[in-house]
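Engineer: Supplied in structure tokens, the structure appears directly below.
Protein chains in written order, with this note's numbering: chain A, 2 to 286; chain B, 2 to 286.
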């Protein structure tokens, strides 16, 4: 099978589980890349990294309703499974698990996984049901597709913290691998939601990354006061319609810091027109 | 190793997981019996059933703090690991997993599994945090001790419904086996909490089972009106200090019924002195 032959498309949990258990019983290691489809170069990079580190790669394509709020974009979220399959084939993916909503949440489904403090602030405050939906679907996918390692992008920083907390707290036997954010040539973090931006908004959206670069420069010349850094970032973000938060967090956690005194994630969320975008960077030693 | 040699006692998740994965990779099937210790003939029966159906049996002994409410009996819950080990040895148990609280809930643990409607009423109304604690610890144990089958007693009827719902909703790869309630010669359901009863309370406690037998008799002669049955049960329960509920539920679910028109669980909870007891029976065709 050449690397670009199409990955096997499976739609039921029983099928994907059987495929993965068979491979594991042959001693193969499995990498899992959970996605909501509408794939971009960030997803492709996760699949390529997984393929480099594991014998087999399964990507899941499922627009998970439980992680969208009632006013959010579940219905208009972009979906194009044939295009996704072609991209996954090119990246060397072995299986695509693309279940229906009924397969994942049959009538009567009623259990949710709640991660506590790590899910409460920042994204969690703006999207109060989001991380319970994420933790629940990720745990379900880990059970249906029992991989050795699962790959997530660092762009969704709080998601990486929540998933790691859930895996640790519930003793889920899987390693979580966090991969670098992939960016457009002008620095905008890859996101399926970038497709919502008008050309003007697309230009304004570069302010998120530019504000993070400005923060990195300040830290590089010795600035450690987060309020000074925040003010500089806000001055870069003038073209953005609404900055929802700029957070300074101990790396690996969701704990706020007052000063840059060690590895620190600067994470922000902003609305550009009607589109919500997030980005982050790591600063400090 | 003779059947009555002591089972291997393990206290870390890493140890029990390694032991079980090694056995499974040898093609052995594993039965899991989660307990809070203070073992009685009901637990022993679960272990014997597991041993009859599986190659190896692991029993867990852990008084789970997250399933006790703040006013409940966590601190005085009976604990006697040496006696438990001896009983488990006699029943043919292979491993005893008896972790510390810190092993199960290290500092910073913050994730809870919430099962919805199945956990809300009856026991859930009286013990509002109970089933989240049960679902969370059971899921953790299933991940730490990945058995083929897990065994629960039917006495804790709502717990069996909640665990099954959690396993189904989260796609946990384990079969749940429900075993019959084991009773004292006078009919009292075996429970570690029976040890709290004074001799007089111990006598009064038989009213729970007697009320269920009275209900069975009414159904056997054709009575289907749950209010008639409830009135008869209450007349039997005169010596009980406080009947907390008598529930008529579609078998396998927590859905109330008005008439006995199919397999129906009659479940009750009552206080005898300061001790809370539960019991249930299955009636209807």
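Heads up, the beta-carbon is just placed ideally off N, CA and C, and yes, glycines get one too.
Remember, predicted model here, so these are calculated numbers, not experimental data.
Indicate the three-state DSSP secondary structure (helix, strand or coil) for residue 131 (chain A) in the structure shown.
Structural biologist: As a working note, residue 131 (chain A) is residue 130 in the first chain. The answer is helix: DSSP assigns residue 131 (chain A) an H, G or I state.
Engineer: Under 7 Å between beta-carbons, which chain A residues line up against residue 166 (chain B)? List them in chain order, please.
Structural biologist: The residue you call residue 166 (chain B) lines up with position 165 of the second chain. Ordered by position in chain A, the residues that pass the 7 Å Cβ test against residue 166 (chain B) are 111, 112.
Engineer: How long is the line joining the alpha carbons of residue 139 (chain B) and residue 57 (chain A), rounded to whole angstroms?
Structural biologist: One-based indexing of the second chain puts residue 139 (chain B) at position 138. One-based indexing of the first chain puts residue 57 (chain A) at position 56. Going by the C-alpha atoms only, they are around 31 Å apart.
Engineer: In three-state terms, what does DSSP make of residue 199 (chain A)?
Structural biologist: As a working mapping, residue 199 (chain A) is identified with position 198 in the first chain. If DSSP states are grouped into helix, strand and coil, residue 199 (chain A) belongs with coil.
Engineer: Taking the Cβ atom as the reference point for each residue, do residue 114 (chain A) and residue 133 (chain A) lie within a distance shorter than 9 Å?
Structural biologist: Within the first chain, residue 114 (chain A) is the residue found at index 113, counting from 1. Within the first chain, residue 133 (chain A) is the residue found at index 132, counting from 1. Against a cut-off of 9 Å, the Cβ pair of residue 133 (chain A) and residue 114 (chain A) comes out as a contact.
Engineer: Is the region 40-58 of chain A touching the region 166-177 of chain A, taking contact as three or more C-beta pairs under 8 Å?
Structural biologist: Counting Cβ pairs under 8 Å, fewer than three are found: no touch.
Engineer: Under a CB-based cut-off of 9 Å, is residue 172 (chain B) close to chain A?
Structural biologist: As a first step, residue 172 (chain B) must be located in the second chain, where it is residue number 171. Yes, residue 172 (chain B) lies at the interface with chain A (some Cβ there is under 9 Å from its Cβ).
Engineer: Just to confirm my understanding: we take residue 2 (chain B), look at its own chain, exclude 5 residues before and 5 after, and list those with CB closer than 6 Å. What are they?
Structural biologist: Translated into positions along the second chain, residue 2 (chain B) becomes position 1. Model confidence at residue 2 (chain B) stands at a pLDDT of 44, short of 50, so the residue's coordinates are unreliable and nothing is read from them.
Engineer: Measuring straight from C-alpha to C-alpha, what distance separates residue 280 (chain A) and residue 209 (chain A)?
Structural biologist: The residue given as residue 280 (chain A) occupies position 279 in the first chain. The residue given as residue 209 (chain A) occupies position 208 in the first chain. Rounded to whole angstroms, residue 280 (chain A) to residue 209 (chain A) spans 7 Å at the Cα level.
Engineer: Mark residue 126 (chain B) as exposed unless 16 or more other C-beta atoms lie within 10 angstroms of its C-beta, in which case mark it buried.
Structural biologist: For this step, residue 126 (chain B) is matched to residue 125 along the second chain. So residue 126 (chain B) ends up on the exposed side.
Engineer: Extract the residue ranges of the alpha helix (DSSP H) inside the region 189-241 of chain B, only unbroken runs of 4 or more that lie entirely within it.
Structural biologist: The qualifying runs are 200-205, 207-221, 227-237.
Engineer: Residue 150 (chain B) CB to nearest chain A CB: under 9 Å?
Structural biologist: As a working note, residue 150 (chain B) is residue 149 in the second chain. No, because no Cβ of chain A sits closer than 9 Å to the Cβ of residue 150 (chain B).
Engineer: Put residue 179 (chain A) into one of helix, strand or coil per three-state DSSP.
Structural biologist: Taking the first residue of the first chain as 1, we reach residue 179 (chain A) at position 178. Three-state result, residue 179 (chain A): strand.
Engineer: Against chain A, does residue 3 (chain B) count as a neighbour if the rule is that its beta carbon must be under 9 Å from one of theirs?
Structural biologist: What you label residue 3 (chain B) is simply residue 2 of the second chain in a count that begins at 1. For residue 3 (chain B), the predicted model reports a pLDDT of 45, less than 50, meaning its position is unreliable; a value from the coordinates is still stated below. No, no contact with chain A.
Engineer: So, helix, strand or coil for residue 107 (chain B), using DSSP?
Structural biologist: Walking along the second chain from the start, residue 107 (chain B) turns up at place 106. Residue 107 (chain B): coil per DSSP, three-state reduction.
Engineer: Could you name the residues of the same chain whose beta carbon sits closer than 6 Å to that of residue 8 (chain B), not counting the 5 residues immediately before and after it, in chain order?
Structural biologist: Indexing the second chain from 1 puts residue 8 (chain B) at position 7. Correct list, in chain order: 89, 90, 94, 95, 96, 97.
Engineer: To the nearest angstrom, how far is it from the Cα of residue 222 (chain B) to the Cα of residue 277 (chain B)?
Structural biologist: Along the second chain, one-based indexing puts residue 222 (chain B) at 221. Along the second chain, one-based indexing puts residue 277 (chain B) at 276. Between residue 222 (chain B) and residue 277 (chain B), the C-alpha separation is close to 31 Å.
Engineer: Can you pull the chain A neighbours of residue 118 (chain B), defined as C-beta to C-beta under 7 Å?
Structural biologist: Here residue 118 (chain B) is taken as the residue at index 117 of the second chain, counted from 1. Correct list: 111.
Engineer: In the DSSP assignment, find the beta strand (DSSP E) that holds residue 283 (chain A) and state where it starts and stops.
Structural biologist: Counting from one through the first chain, the residue named residue 283 (chain A) turns up at place 282. Unbroken beta strand (DSSP E) run through residue 283 (chain A): 276-284.
Engineer: In the DSSP assignment, what residue or residues form a beta bridge with residue 7 (chain B)?
Structural biologist: Here the question's residue 7 (chain B) lines up with position 6 in the second chain. Answer by DSSP bridge pairing: none, since residue 7 (chain B) is not bridged.
Engineer: Below 8 Å on the Cβ atoms is my guess for residue 244 (chain A) versus residue 238 (chain A); work out the distance and round it to an integer in Å.
Structural biologist: The residue you call residue 244 (chain A) lines up with position 243 of the first chain. The residue you call residue 238 (chain A) lines up with position 237 of the first chain. Right, their Cβ atoms sit about 5 Å apart.
Engineer: What does residue 272 (chain B) reach in chain A if we use C-beta pairs closer than 8 Å?
Structural biologist: On the second chain, position 271 is the one that residue 272 (chain B) refers to. Chain A residues near residue 272 (chain B): none, gap ~29 Å exceeds 8 Å.
Engineer: Distance, Cα to Cα, residue 202 (chain A) vs residue 13 (chain A)?
Structural biologist: Within the first chain, the letter at position 201 stands for residue 202 (chain A). Within the first chain, the letter at position 12 stands for residue 13 (chain A). Each residue's Cα considered, the two are about 39 Å apart.
Engineer: Could you compute how far the alpha carbon of residue 187 (chain A) sits from the alpha carbon of residue 121 (chain B)?
Structural biologist: By one-based count along the first chain, residue 187 (chain A) stands at place 186. By one-based count along the second chain, residue 121 (chain B) stands at place 120. Approximately 51 Å, taken between the alpha carbons.
Engineer: With H, G and I counted as helix, E and B as strand and the rest as coil, what does DSSP make of residue 161 (chain A)?
Structural biologist: To locate residue 161 (chain A), count along the first chain from 1; it is residue 160. It is helical.
Engineer: Please classify residue 125 (chain A): does DSSP put it in a helix, a strand, or coil?
Structural biologist: In the first chain, counting from the first residue as 1, residue 125 (chain A) sits at position 124. Here residue 125 (chain A) sits in helix by DSSP.
Engineer: From the DSSP output, in three-state form, read off residue 45 (chain B) for me.
Structural biologist: In the second chain, the residue the question calls residue 45 (chain B) occupies position 44. The answer is helix: DSSP assigns residue 45 (chain B) an H, G or I state.
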